[in-house]
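For the sequence shown, our numbering begins at 13 and goes up steadily by one. See structure below.
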Amino acid sequence: MSRILIAEDEQRIAAFVEKGLRANGFTTTVVGDGDAALATVITGDFELMVLDLGLPRRDGFAVLQAMRAARVSLPVIILTARDSVHDTVAGLEGGADDYMTKPFRFEELLARVRLRLKSTDRSPEVTVLRNGELSLDLRTRRARTSESTVDLTAREFALLELFLRHPGQVLSREQILSHVWGYDFDPGSNVVDVYVRTLRRKIGPDRIDTVRGMGYRLP
Numbered sequence: 013m014s015r016i017l018i019a020e021d022e023q024r025i026a027a028f029v030e031k032g033l034r035a036n037g038f039t040t041t042v043v044g045d046g047d048a049a050l051a052t053v054i055t056g057d058f059e060l061m062v063l064d065l066g067l068p069r070r071d072g073f074a075v076l077q078a079m080r081a082a083r084v085s086l087p088v089i090i091l092t093a094r095d096s097v098h099d100t101v102a103g104l105e106g107g108a109d110d111y112m113t114k115p116f117r118f119e120e121l122l123a124r125v126r127l128r129l130k131s132t133d134r135s136p137e138v139t140v141l142r143n144g145e146l147s148l149d150l151r152t153r154r155a156r157t158s159e160s161t162v163d164l165t166a167r168e169f170a171l172l173e174l175f176l177r178h179p180g181q182v183l184s185r186e187q188i189l190s191h192v193w194g195y196d197f198d199p200g201s202n203v204v205d206v207y208v209r210t211l212r213r214k215i216g217p218d219r220i221d222t223v224r225g226m227g228y229r230l231p
């Protein structure tokens with residue numbers, strides 16, 4: 013199980029990232045300032061770091077520079093509101109492995125985390141998720157049932173992947189929203205129900221259960 017350090021001073025975003033990573037099997041530690049980030053990453057045993065640039069006490073650039081000077085070589089994904097070309101280039105040339113700007117979708121961050129961990133992951137890469145006669149190919153982004161092959165939109169793919177990674181678990185609308193649509197999406201929206209109906213039409217009406225008052229579940 014990979015351990016990830018999240019260096020983010022905005023509590024809402026830190027909690028959102030931590031919750032999503034934990035739901036996907038990662039162990040996480042959260043720190044809220046640059047001094048704590050540097051001390052923790054140097055003394056801890058982590059496989060990856062998600063780093064905000066706008067940290068108090070010591071900004072993300074300084075943390076990254078000190079890490080690399082101390083020969084801490086774990087992958088770093090910068091996650092920041094700074095979207096200028098200058099900052100992007102400075103981050104990548106300063107030793108970051110990837111650069112993402114806010115606002116962001118968790119599904120994209122998760123894909124980038126998995127990509128950066130791939131070279132150090134000793135477990136076989138999972139490319140197909142299965143549940144009975146239903147399967148999802150993570151490379152082609154297509155689903156298969158006993159009757160047909162199904163093309164999916166990006167959101168339908170992310171939604172079905174979430175269900176297949178948590179079979180039998182009731183997922184609330186809020187959990188689905190945060191994972192598939194992102195932390196800044198309107199929690200009062202009915203978009204989850206709309207997409208579940210669309211997905212049912214494509215893969216079969218009996219493959220996703222409605223749990224009244226709680227959410228949805230892949231049986």
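Even glycine gets a Cβ: it sits at the ideal position worked out from N, Cα and C.
DSSP, reduced to helix, strand and coil, places G227 within a strand of the structure shown.
With a beta-carbon spacing of about 10 Å, A19 and D71 fall beyond the 8 Å limit used to define contacts. Under the three-state reduction of DSSP, I54 is assigned to helix. Considering only H178, T100, G56, R94, the residue with the shortest C-alpha distance to S85 is G56. Counting along the chain, I16 sits inside the beta strand (DSSP E) bounded by residues 15-19.
The C-beta of M79 has 16 or more other C-beta atoms within 10 Å across all chains shown, which makes the residue buried. In the DSSP annotation of this structure, R219 is not part of any beta strand (DSSP E), being labelled neither H nor E.
Taking every protein chain shown into account, the CB of M61 has 16 or more other CB atoms within 10 angstroms, so this residue is buried.
The three-state secondary structure of D205, taken from DSSP, is helix. Leaving aside the five residues that flank P68 on each side, the residues in its chain whose CB is nearer than 8 Å to its CB run, in chain order, D21, G44, D45, G46. Three or more beta-carbon pairs separated by less than 8 Å are not found between the segment 136-153 and the segment 116-123, which leaves the two stretches without contact. The alpha-carbon of G200 is positioned some 13 Å away from that of V206. Residues F73, L76, Q77, R80 of the same chain have their beta carbon placed closer than 8 Å to that of G106, with the five preceding and five following residues left out of the count. Contact between R154 and V162 holds, since their C-beta atoms are separated by about 6 Å, short of 8 Å.
Per DSSP, N36 has no beta-bridge partner at all. Just so you know, the alpha carbons of F175 and A51 end up roughly 37 Å apart.
DSSP places V182 in the coil class of the three-state scheme, outside both helix and strand.
Assignment of D163 by DSSP, reduced to helix, strand and coil, places it in the strand class. Between S190 and G227, the gap from beta carbon to beta carbon reaches 8 Å or more.
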